[in-house]
Amino acid sequence: MRPSTRPTALALAVTAALTAALSVWATFAAPESARTAVAWGSGGAAVLLVAAVTTAVHARATVRRLRETHAAESARFTAEVSRLVSASASEAQRFTAESARVKATAAAETAKAKEEAETAAARLTAENARLKARASRAETERSAALTACANAAGRMQALATSMLADLREMEHRHTAEDVLTDLLHLDHRTAQAGRLADSIAVLTGARSGRRWAKPIVMESVLRGAMGRISGYQRVRLHSTSDVAVTGHAAEGVMHALAELLDNAANFSPPTAEVHVYVEEVPAGIVVTVEDSGLVMSDVQLRRAERAVAADDTGLTGLTGTRLGLAVVGRLARKHGLTVSFRPSARGGTGALMMLPQEIVTRATAVRTAPDTSAPAPASSASAPTEPEPVHTLGTDPAAPEPMRSDSASDTTGHLPKFGESGLP
């Protein structure tokens, strides 16, 4: 039997015994006629009494047990709370100590990082100042070098122009064939040296070439460009245009054409001809230079078009000794020219240069007729030369019609008679 039910069972047994004894006594003590009623009444009362006593004892035992359980739970709860409080206090102390350690470590690392950052910033500032000084010095040296190159190019231009004038004077003075041949050869070489000086001037941003006072007819511009290259004898002109290039742009156009002709001649077989065509279009004049040399690949064509594009890339794109396209690009930007490349119908490469209407005018110019009084010497196929202009815009309606050679497409043959500057 469980200890908690023992008092209830004991109370039930004692109460049941007492009430049973009382019920029996009451039954026998009652008259004979009332014994049955007394027996039932006393039995019922005994049962009720037993139930009431048993319930009361059980309730009292339950209350006592609950009180004991509550007291035990309260004690356990109090102990648990005490333990938790103690553990919390210990954890709080540990957390406080850990926080202090972390803060100290973080402060030390922050101070170290700040010191390193300040050191790095000081080092970078010093390095930046040093690099700025170097860049400034390099820019100063670059500017000085460009200025020196520009000055040297200007002196070379002046010297070449003076030498050309002297050579032209000698050509008019001397009639001996061998002497004239040598003079024309020197004239041609001097013109090439002058073109190189002009190229240096263009690349260094200096004033390039001469400025013509009046428009120059297109044919003279083409022949002047021919006179500046070594392979002029292989160039064939196909031009019937009577337009002229304005004076301020004539020298630049002549120089750009000379570079394109030189490229075409240098990259063609030694015996191959270079053909030049002039076409008038609504936007201006298109000059086409076609050769039968090496065919440029798509990559080479794009590279060449970038070199002559309108975007100024400075001198960083220059490679090796190939300066021609860079010079053409500078001149194109200066005078509004448009240069493009395409495969040529002759098997090589075609270069197209368009002159805008702003630098093109209709010229009524007087050309000096070739000297036919005496046959030209055998060496008269030397380069057409080009110094000061002699062609002007004719404003007089009575001005004579220009004289044109029937062999306009041929650059060799008779020795042309030059004006004061030597333009044919």
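First residue of the sequence shown: 8, per the working numbering; consecutive thereafter. Even glycine gets a Cβ: it sits at the ideal position worked out from N, Cα and C. In this text, all values refer to a predicted model and were calculated from it rather than measured experimentally.
Whole-Å CB distance - residue 296 paired with residue 330, under 8 Å assumed:
For the purposes of this step, residue 296 is taken as residue 289 along the sequence shown, with counting starting at 1. For the purposes of this step, residue 330 is taken as residue 323 along the sequence shown, with counting starting at 1. At roughly 18 Å, the Cβ-Cβ gap does not stay under 8 Å, so residue 296 and residue 330 are not in contact.
In the DSSP output, what is residue 149 paired with across the bridge?
For the purposes of this step, residue 149 is taken as the residue at position 142 of the sequence shown. According to DSSP, residue 149 bridges with nothing at all.
May I have the straight-line CA-CA distance separating residue 231 from residue 341, to the nearest angstrom?
Within the sequence shown, numbered from 1, the residue matching residue 231 stands at position 224. Within the sequence shown, numbered from 1, the residue matching residue 341 stands at position 334. Distance between the alpha carbons of residue 231 and residue 341: 20 Å.
Start and end of the beta strand (DSSP E) containing residue 292?
In the sequence shown, the residue the question calls residue 292 occupies position 285. Per DSSP, residue 292 belongs to the beta strand (DSSP E) from 291 to 297.
In chain order, what residues of the same chain have a beta carbon less than 6 Å from the beta carbon of residue 200, not counting five sequence neighbours either side?
On the sequence shown, position 193 is the one that residue 200 refers to. Answer for residue 200: 167, listed in chain order.
Considering only the beta carbon of each residue, do residue 226 and residue 206 sit closer than 8 Å?
Locating residue 226 in the sequence shown gives position 219, counting from the first residue. Locating residue 206 in the sequence shown gives position 199, counting from the first residue. Contact flag unset, no.
For residue 218, I'd like the list of residues in its chain whose CB is within less than 8 Å of its CB, leaving aside the five on either flank, ordered along the chain.
To locate residue 218, count along the sequence shown from 1; it is residue 211. Taken in chain order, the residues that qualify are 254, 255 and 258.
Going by DSSP, what residue range makes up the alpha helix (DSSP H) through residue 264?
As a working note, residue 264 is residue 257 in the sequence shown. Segment 254 to 273, the alpha helix (DSSP H) holding residue 264.
Could you tell me which residues DSSP puts in a beta bridge with residue 362?
Taking the first residue of the sequence shown as 1, we reach residue 362 at position 355. Answer is 292, bridged to residue 362.
Can you check which of these residues, 356, 261, 344 and 35, is closest to residue 305 by C-alpha distance?
Against the sequence shown, residue 305 aligns to sequence position 298. The candidate whose alpha carbon is nearest that of residue 305 is 356.
Three or more beta-carbon pairs under 8 Å between the region 279 to 298 and the region 348 to 362, yes or no?
yes
The alpha helix (DSSP H) spanning residue 306 covers which residue range?
As a position in the sequence shown, residue 306 is number 299, starting the count at 1. Its alpha helix (DSSP H) spans residues 305 to 314.
Need the endpoints of the beta strand (DSSP E) that residue 245 sits in, please.
Walking along the sequence shown from the start, residue 245 turns up at place 238. Segment 242 to 245, the beta strand (DSSP E) holding residue 245.
Are the beta-carbon atoms of residue 272 and residue 281 separated by less than 8 Å?
Your numbering for residue 272 matches position 265 in the sequence shown. Your numbering for residue 281 matches position 274 in the sequence shown. Yes. Within cutoff.
Over the uninterrupted beta strand (DSSP E) stretch that includes residue 369, give me the two end residues.
Start at 1 with the first residue of the sequence shown, and residue 369 comes out as number 362. That run of the beta strand (DSSP E) goes 367 to 369.
According to DSSP, is residue 182 helix, strand or coil?
By one-based count along the sequence shown, residue 182 stands at place 175. Reduced to three states, the DSSP call for residue 182 is coil.
Less than 8 Å between the C-beta atoms of residue 311 and residue 348, yes or no?
Along the sequence shown, read from residue 1 onward, the residue named residue 311 stands at position 304. Along the sequence shown, read from residue 1 onward, the residue named residue 348 stands at position 341. The answer is yes: Cβ separation under 8 Å.
Compare the C-beta of residue 254 with all C-beta atoms of chain D and state if any pair is closer than 8 Å.
Here there is only one protein chain, and chain D is not present.
I need the DSSP call for residue 355, collapsed to helix, strand or coil.
If you number the sequence shown from 1, residue 355 lands on position 348. Residue state, collapsed to three classes: coil.
In the DSSP assignment, find the unbroken alpha helix (DSSP H) run with residue 340 in it and report its ends.
Sequence index remark: in the sequence shown, residue 340 carries index 333 (1-based). Segment 331 to 342, the alpha helix (DSSP H) holding residue 340.
What's the C-alpha gap between residue 204 and residue 129?
Here residue 204 corresponds to residue number 197 of the sequence shown, with the count starting at 1. Here residue 129 corresponds to residue number 122 of the sequence shown, with the count starting at 1. Answer to the nearest angstrom: the Cα atoms are 48 Å apart.
Taking only the alpha-carbon atoms, compute the straight-line gap between residue 188 and residue 241 and give it to the nearest angstrom.
Counted from its first residue, the sequence shown places residue 188 at position 181. Counted from its first residue, the sequence shown places residue 241 at position 234. Between residue 188 and residue 241, the C-alpha separation is close to 18 Å.
Give me the Cβ distance between residue 53 and residue 30, rounded to the nearest whole Å; I'm assuming they're in contact under 8 Å.
Here the question's residue 53 lines up with position 46 in the sequence shown. Here the question's residue 30 lines up with position 23 in the sequence shown. That belief holds up - the Cβ atoms of residue 53 and residue 30 are roughly 5 Å apart, short of 8 Å.
Proximity below 8 Å, CB of residue 338 to CB of residue 262
For the purposes of this step, residue 338 is taken as the residue at position 331 of the sequence shown. For the purposes of this step, residue 262 is taken as the residue at position 255 of the sequence shown. Yes, the pair counts as a contact, with Cβ atoms nearer than the cut-off.
Among 161, 351 and 279, the one whose alpha carbon lies nearest that of residue 308:
As a first step, residue 308 is located in the sequence shown; it is residue number 301 there, counting from the start. Nearest of 161, 351 and 279 to residue 308, Cα basis: 351.
Exposure of residue 298, with buried meaning 16 or more beta-carbon neighbours within 10 Å
Residue 298 sits at position 291 when you count from the first residue of the sequence shown. The residue is buried, with at least 16 neighbouring Cβ atoms inside 10 Å.
Pick from 276, 369 and 234 that is closest to residue 224, judged by C-alpha positions:
Within the sequence shown, numbered from 1, the residue matching residue 224 stands at position 217. Ranking the options by Cα distance to residue 224, first place goes to 369.
Going by DSSP, name the residue or residues bridged to residue 282.
Your numbering for residue 282 matches position 275 in the sequence shown. Per DSSP, 243 and 297.
Rounded to whole angstroms, what is the Cα-Cα separation between residue 196 and residue 135?
Residue numbering aside, residue 196 sits at position 189 when the sequence shown is read from its first letter. Residue numbering aside, residue 135 sits at position 128 when the sequence shown is read from its first letter. Residue 196 and residue 135: Cα-Cα distance of roughly 50 Å.
Measure the alpha-carbon distance for residue 373 versus residue 176 and round it to whole angstroms.
By one-based count along the sequence shown, residue 373 stands at place 366. By one-based count along the sequence shown, residue 176 stands at place 169. The predicted model places residue 373 with a pLDDT of 37, which falls under 50 and marks its position as unreliable, so this point remains unresolved.
Between which two residues does the alpha helix (DSSP H) harbouring residue 248 extend?
Locating residue 248 in the sequence shown gives position 241, where the first residue counts as 1. From DSSP, residue 248 is part of no alpha helix (DSSP H); its letter is neither H nor E.
Output the boundary residues of the alpha helix (DSSP H) element that contains residue 302.
Residue mapping note: residue 302 aligns to position 295 of the sequence shown, counting from 1. Taken as a continuous stretch (DSSP letters only), residue 302 belongs to no alpha helix (DSSP H), as it is neither H nor E.
Per-residue DSSP class, three states only, for residue 349
Sequence index remark: in the sequence shown, residue 349 carries index 342 (1-based). Residue 349 falls in the strand class under three-state DSSP.
Bridge partner(s) assigned by DSSP for residue 287:
As a position in the sequence shown, residue 287 is number 280, starting the count at 1. BP columns for residue 287 point to 292.
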